[in-house]
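Input: a single structure, listed below in structure tokens.
In the UniProt record's numbering, the protein residues as written are 1 to 460.
And the structure:
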């Protein structure tokens, strides 16, 4: 038997952003695998002694041999093939995980390329296409990676390697470079949420330890989001990337750089336009709030951006947008309430209306309104009063009445003035509407008379 690493998986990749998200019915997802061996011959690995059974001087060399053995990649779609060798590799990976966790002195300079090589052979691969074009991430079970018994241990090993006290970024940067990071980011399109969770940890560790890669990582995430918004509308790892970004944004130095503000306005805000917003809205809102806590002056462009992309034709997305707006309210200055008034004008879908009116259940918001009632009540009153008279749903009308009652208790004098002004304005509008109708009626009569005269039906 020969100890060997098999031929590595093909380095050619499919475009990780090419699959559209056409969605439909719920269905059970089967396991799939993106790792296949090119030859049909069984893989034979020569059993090696355990690391704990050899002397400390022999351990570094044995460690390298075990890394080389673990480059062998098995076909997990064939559940009956290579069972003994699959189990041997699994136990070896477990041993390596334990070894890098507790051992000292194993991380020689020769180990770095072998670690990166082993990790690359196992995790970098062509992702399988979705089993169905109708896959809905909100409804359907994801396709799980069949090779996960090995893949999980490889990720676990790599994380322990990156977190090791002996890890030296100055050596590792020769092997963990831009190409490595780019391939890592492509894997975030994996349907398996377990893999995306490990990838999130790996990328976060790399971002923290490799200062020279930080700008590149941010740029590539920027590119992924732009393709997602404007080209494909499909990428499985948006929520995980946003979660990483939330931590990155939290570490931005003040004052914020222009490129960071540009990223907020040109990349994060347009993410509210995609159909799958509900899958990552919490992480997206957190990122935006982090920006506003760093620089409250960004509140106005954020609010204007949200209103620019407001999903008027999709009540579900509109409800999600309201949730985001509600989370941003703590940062809102008084001028922004003029923009919020637009939100109250689009509440004819029950769930959207209900979400909008829940603003007034927030004690902090109500305290702001009460402190500045002379400014805010005139902004919001007209839309709310009109809804109380015209909305089709009695539950919404009841909620609006509660809001108006709170307004009246805050400042009864101003409330009476606004009510009187509203009624006067409505009377003028009705008068103008009646005048327009009468004018159109006269024009129609004149046109009819001219037509009859031209036909000789009546004398000119």
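Beta carbons are placed, not taken as given, at the ideal position from N, Cα and C, and that holds for glycine.
For the alpha helix (DSSP H) that contains residue 148, what are its first and last residues?
Here residue 148 refers to the residue found at position 148 when the chain shown is read from its first residue. Here the alpha helix (DSSP H) through residue 148 covers 148 to 163.
By DSSP's criteria, residue 195 is part of a beta bridge. Which residues make up the other side?
Mapped onto the chain shown, residue 195 falls at position 195. BP columns for residue 195 are empty, so no partner.
Cutting at 7 angstroms between CB atoms, please list the residues of its own chain near residue 86, excluding the five before and the five after it.
By one-based count along the chain shown, residue 86 stands at place 86. Around residue 86: 74.
Assign residue 393 to one of three DSSP states: helix, strand, or coil.
Here residue 393 is taken as the residue at index 393 of the chain shown, counted from 1. The answer is coil: DSSP assigns residue 393 none of H, G, I, E or B.
Can you tell me the Cα-Cα spacing of residue 16 and residue 127, whole angstroms?
Translated into positions along the chain shown, residue 16 becomes position 16. Translated into positions along the chain shown, residue 127 becomes position 127. Because the pLDDT of residue 16 is 38, which lies under 50, any placement of that residue in the model is unreliable, and the number read from its coordinates should be weighed accordingly. Near 8 angstroms, if we compare the C-alpha coordinates of residue 127 and residue 16.
Stretch pair the stretch 393 to 409 + the stretch 427 to 436: three plus CB contacts closer than 8 angstroms
no
Please classify residue 145: does DSSP put it in a helix, a strand, or coil?
Position 145 of the chain shown, counted from the start, is the residue given in the question as residue 145. Looking at residue 145 - three-state DSSP - the assignment turns out to be strand.
With distances taken Cα to Cα, identify the nearest neighbour of residue 144 among 192, 243 and 151.
The residue given as residue 144 occupies position 144 in the chain shown. It is 192 whose Cα lies nearest to the Cα of residue 144.
Should residue 63 and residue 48 be called a contact, given that it needs their Cβ atoms to be closer than 8 angstroms?
Your numbering for residue 63 matches position 63 in the chain shown. Your numbering for residue 48 matches position 48 in the chain shown. For residue 63 and residue 48, no; Cβs fall outside 8 angstroms.
Test item: CB-CB of residue 531 and residue 265 under 8 angstroms
Nothing can be reported for residue 531: it is not among the residues displayed for the chain, which extend from 1 to 460.
Determine the burial state of residue 196: buried for a count of at least 16 other Cβ atoms within 10 Å of its Cβ, exposed for fewer.
By 1-based counting over the chain shown, the position of residue 196 is 196. Buried.
Does the count of Cβ pairs from the stretch 141 to 159 and the stretch 172 to 189 closer than 8 angstroms reach three?
no
Where does residue 308 land, buried or exposed, given buried means 16+ other C-beta within 10 angstroms?
Numbered from its first residue, the chain shown carries residue 308 at position 308. Burial call: exposed.
Residue 227 versus residue 203: straight-line alpha-carbon distance, rounded
For the purposes of this step, residue 227 is taken as the residue at position 227 of the chain shown. For the purposes of this step, residue 203 is taken as the residue at position 203 of the chain shown. Approximately 20 angstroms, taken between the alpha carbons.
Rounded to a whole number of angstroms, what is the C-alpha to C-alpha distance between residue 156 and residue 77?
One-based indexing of the chain shown puts residue 156 at position 156. One-based indexing of the chain shown puts residue 77 at position 77. Those two C-alpha atoms are separated by around 22 angstroms.
Please identify the residue among 218, 101, 79 and 118 whose C-alpha is closest to the C-alpha of residue 146.
Residue mapping note: residue 146 aligns to position 146 of the chain shown, counting from 1. Out of 218, 101, 79 and 118, 79 has the C-alpha closest to the C-alpha of residue 146.
Outcome for residue 116 when other beta-carbon atoms lying within 10 angstroms are tallied against a minimum of 16
Within the chain shown, residue 116 is the residue found at index 116, counting from 1. Buried, because 16 or more other Cβ atoms sit within 10 Å of the Cβ of residue 116.
Can you tell me the Cα-Cα spacing of residue 463 and residue 298, whole angstroms?
The shown model of the chain, from 1 to 460, leaves out residue 463, and the question about it has no answer.
8 angstroms Cβ cutoff met for residue 268 and residue 287
Counting from 1 along the chain shown, the entry for residue 268 is found at position 268. Counting from 1 along the chain shown, the entry for residue 287 is found at position 287. Cβ atoms of residue 268 and residue 287: closer than 8 angstroms.
Go to residue 434, then tell me how far its alpha helix (DSSP H) extends in each direction, as first and last residue.
Along the chain shown, read from residue 1 onward, the residue named residue 434 stands at position 434. 412 to 454 is the extent of the alpha helix (DSSP H) around residue 434.
Contact belief for residue 384 with residue 403 at Cβ below 8 angstroms, rounded distance in angstroms:
As a working mapping, residue 384 is identified with position 384 in the chain shown. As a working mapping, residue 403 is identified with position 403 in the chain shown. Going by Cβ atoms, the distance from residue 384 to residue 403 rounds to 6 angstroms, so yes, they are a contact pair.
Here's the rule I'm using: 16 or more other beta-carbon atoms within 10 Å means buried, otherwise exposed. How should residue 178 be labelled?
The count along the chain shown starts at 1 and reaches residue 178 at position 178. So residue 178 counts as exposed.
Do residue 159 and residue 462 count as a contact pair if the criterion is CB distance below 8 angstroms?
Residue 462 cannot be examined here, being either before or after the span of the chain that is shown, 1 to 460.
I think residue 106 touches residue 99, with their Cβ atoms under 8 angstroms apart; what is that distance to the nearest whole Å?
Taking the first residue of the chain shown as 1, we reach residue 106 at position 106. Taking the first residue of the chain shown as 1, we reach residue 99 at position 99. 7 angstroms between Cβ atoms; contact.
Quick one: residues in its chain with C-beta nearer than 6 angstroms to the C-beta of residue 373, no 5 flanking neighbours on either side, listed in chain order?
Taking the chain shown and counting its residues from 1, one reaches residue 373 at position 373. Only 410 and 411 meet the Cβ criterion.
Which of the three DSSP states, helix, strand or coil, is assigned to residue 70?
Against the chain shown, residue 70 aligns to sequence position 70. Here residue 70 sits in coil by DSSP.
Helix, strand or coil at residue 291 [DSSP, three-state]
Translated into positions along the chain shown, residue 291 becomes position 291. Here residue 291 sits in helix by DSSP.
To the nearest whole angstrom, what separates the beta carbons of residue 123 and residue 162, a pair I think is in contact under 8 angstroms?
As a first step, residue 123 must be located in the chain shown, where it is residue number 123. As a first step, residue 162 must be located in the chain shown, where it is residue number 162. So it is not a contact: roughly 14 angstroms between Cβ atoms.
Taking the alpha carbon of residue 174 as the point to measure from, which residue in 220, 114, 280 and 357 has its own alpha carbon closest?
Counted from its first residue, the chain shown places residue 174 at position 174. The candidate whose alpha carbon is nearest that of residue 174 is 114.
Please state whether the Cβ-Cβ distance between residue 295 and residue 236 is less than 8 angstroms.
As a working mapping, residue 295 is identified with position 295 in the chain shown. As a working mapping, residue 236 is identified with position 236 in the chain shown. No; because the gap between Cβ atoms is not below 8 angstroms, this pair is not in contact.
Using 10 angstroms around the beta-carbon of residue 230, count the other beta-carbons present and answer buried if the total reaches 16, otherwise exposed.
Residue numbering aside, residue 230 sits at position 230 when the chain shown is read from its first letter. Answer is exposed; the Cβ neighbour count stays below 16.
Please state whether the Cβ-Cβ distance between residue 357 and residue 381 is less than 8 angstroms.
Stepping through the chain shown from its first residue, residue 357 is reached at position 357. Stepping through the chain shown from its first residue, residue 381 is reached at position 381. No, these two residues do not count as a Cβ contact at 8 angstroms.
If we ignore side chains and look at the alpha-carbon of each, how far apart do residue 442 and residue 436 end up?
Sequence index remark: in the chain shown, residue 442 carries index 442 (1-based). Sequence index remark: in the chain shown, residue 436 carries index 436 (1-based). Taking the straight line from one Cα to the other gives about 10 angstroms.
Would you kindly work out how many angstroms separate the C-alpha atoms of residue 243 and residue 168, rounded to a whole number?
Against the chain shown, residue 243 aligns to sequence position 243. Against the chain shown, residue 168 aligns to sequence position 168. When rounded, the distance between both Cα atoms is 26 angstroms.
Whole-number beta carbon distance between residue 207 and residue 248, since they are thought to touch under 8 angstroms
On the chain shown, residue 248 is found 248 positions in, with the first residue counted as 1. On the chain shown, residue 207 is found 207 positions in, with the first residue counted as 1. The Cβ separation is near 7 angstroms, so the contact holds.
Separation of residue 459 from residue 453, as counted between CA atoms:
The residue labelled residue 453 in the question sits at position 453 within the chain shown. The residue labelled residue 459 in the question sits at position 459 within the chain shown. The straight-line gap from Cα to Cα measures roughly 6 angstroms.
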